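J.: Residue numbers (our numbering), protein chains in the order written: chain A, 1 to 231; chain B, 1001 to 1231.
Number of protein chains: 2
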Amino acid sequence: MTKKAVVLYSGGLDSTTCLAVARRDGFQPYALSFRYGQRHGVELEKAVANAPLSGAVEHRIVDLDLRAIGGSALTGDLNVPKNRLGDKIIPVTYVPARNTIFLAVALGWAEVLGTFDLFIGVNAVDYSGYPDCRPEFIAAFERMAALATRAGVEGKGRYRIHTPLIDLSKGEIVRLAADLGVDFTLTHSCYDPDPQGRACAACDSCLLRLKGFREAGLQDPICYAEHKETL
Amino acid sequence: MTKKAVVLYSGGLDSTTCLAVARRDGFQPYALSFRYGQRHGVELEKAVANAPLSGAVEHRIVDLDLRAIGGSALTGDLNVPKNRLGDKIIPVTYVPARNTIFLAVALGWAEVLGTFDLFIGVNAVDYSGYPDCRPEFIAAFERMAALATRAGVEGKGRYRIHTPLIDLSKGEIVRLAADLGVDFTLTHSCYDPDPQGRACAACDSCLLRLKGFREAGLQDPICYAEHKETL
């Protein structure tokens, strides 16, 4: 029997791949996106365009303006840092408690849908060093979820946060996405696109994406504002 | 030195009392409310009116429309049950994962403010049986928070969720609120107020509030749609 799963789905490369994995593994994906004041709103446009193509049964967008609490270059006035990948510090693009917040809303929707399966495309190999992308965080969230909800307390099941990408390199993610038929032109990664929506090729997220395509031996078909060859 | 604390603040009796306790205990309260599609929007009006009077340093309201995920009488089209207090089942006014979601956003704001102290006015004695009001849920959230955030991971402190009301009866909460000078006319509890904002005197929340005032030997000064004497 096909089971429902709530899939956190930003429209980025990782979450789009994660959605494809959920579908491959026999789940009916219920895709969940957030309009949270992110400066790269084009990501959400891609999510809307791609959701029906990628087998999502439903796609909901929750409005949650995290600019109200501030604290991040992704939602505020700070500049997105460029060409800094490899620094060991957690960068200013970190959005405080973002994955906790997103998983909490996903948990609520899962409870409404009557499912115990959630998917999130976090990755702890080629990533920006965000604390809420690590396996120990995910495990702690699962333990909390069991106590937070009616369904958990009534013993109807145990929430599971699936993280199919967590141990993959960016190259492996690109390869997996290609194998699953992900349309890369409908994914967006750049934190700081230009007014035309073209990727900057210099923020952490662009650098990781380009590294992934290089490792996978593939060409990235999306538009960059500058020639990739200059990187 | 006075420490900052994020206080979840709905405008209800419990969270208003919780805010007063945070202030009494020497914290600078940063009050956080949500416009989440609740049918009792009058609660939020009270919160806005009362926040400056109750010593909140700041009061922010985050828009987060939980109607997008549905599943509750408080945000949807289900009827609010009346005169049912004492049933052992979790009622339809339960909002899936609400406290998890609210605490997650509070955690994000705490990180931005550089504080590790959060307050929530949950109560596990005279309550509706919501799972996310129990001490074991709060403890699990604290453990998760330590792993979710930059501040936690960098070892700058350990998040503490203060729950000063968790072991109090509703009568004790009313007494505490009175002792701390809470203006009861600026608190709202009813899940199903009439168009004039008057309390219904029959939903769980009204029944608990009235029980509290009775136990405390005080008169509730707010407006009810029907005479309390008839209850």
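Virtual Cβ for every residue (Gly too), placed ideally from N, Cα, C. The model shown is predicted, which means the values in this text are computed figures rather than measured ones.
#1: For residue 115 (chain A) and chain B, any beta-carbon pair shorter than 9 Å?
#2: Rank B:1038, B:1171, B:1181 and B:1163 by C-alpha distance to the C-alpha of residue 1134 (chain B) and give the top, closest one.
#3: Rounded to whole angstroms, what is the Cα-Cα separation between residue 33 (chain A) and residue 1067 (chain B)?
#4: If I follow the unbroken alpha helix (DSSP H) through residue 1015 (chain B), where does it start and stop?
#5: Report the rounded CA-to-CA distance for residue 47 (chain A) versus residue 1177 (chain B), giving the unit in angstroms.
#6: Under 9 Å, Cβ to Cβ, is there at least one residue of chain B near residue 12 (chain A)?
#7: What does residue 1060 (chain B) reach in chain A if we use C-beta pairs closer than 9 Å?
#8: Return helix, strand or coil for residue 1008 (chain B), following the three-state DSSP convention.
#9: According to DSSP, is residue 209 (chain A) part of a helix, a strand, or is it coil?
#10: So what's residue 1098 (chain B) in DSSP terms, helix, strand or just coil?
#11: I want to verify the contact list: residues of chain B whose CB lies under 7 Å from the CB of residue 150 (chain A), in sequence order.
#12: Spell out whether any CB of chain B is found under 9 Å from the CB atom of residue 121 (chain A).
#13: Measuring CA to CA, which of A:110, A:80, A:51 and A:60 is closest to residue 200 (chain A)?
#14: Return the CA-CA distance between residue 1090 (chain B) and residue 114 (chain A), expressed in angstroms with no decimal places.
#15: In angstroms with no decimal places, state the Cα-to-Cα distance between residue 1149 (chain B) and residue 130 (chain A).
#16: Report the option in A:82, A:111 and A:119 whose CA atom is closest to the CA atom of residue 1092 (chain B).
#17: Closer than 8 Å by beta-carbon distance: list the chain A residues that pair up with residue 1111 (chain B), in chain order.
#18: Among B:1005, B:1013 and B:1074, which residue has its Cα nearest to the Cα of residue 1024 (chain B)?
#19: For the candidate residues B:1016, B:1043, B:1010 and B:1056, whose alpha-carbon lies nearest to that of residue 1029 (chain B)?
#20: If we ignore side chains and look at the alpha-carbon of each, how far apart do residue 14 (chain A) and residue 179 (chain A) end up?
T.: Quick look at the numbers:
#1: no
#2: B:1163
#3: 14 Å
#4: 1013-1024
#5: 48 Å
#6: no
#7: 68 and 69
#8: strand
#9: helix
#10: helix
#11: 1090, 1094 and 1131
#12: no
#13: A:80
#14: 16 Å
#15: 8 Å
#16: A:111
#17: 71, 96 and 97
#18: B:1005
#19: B:1056
#20: 14 Å
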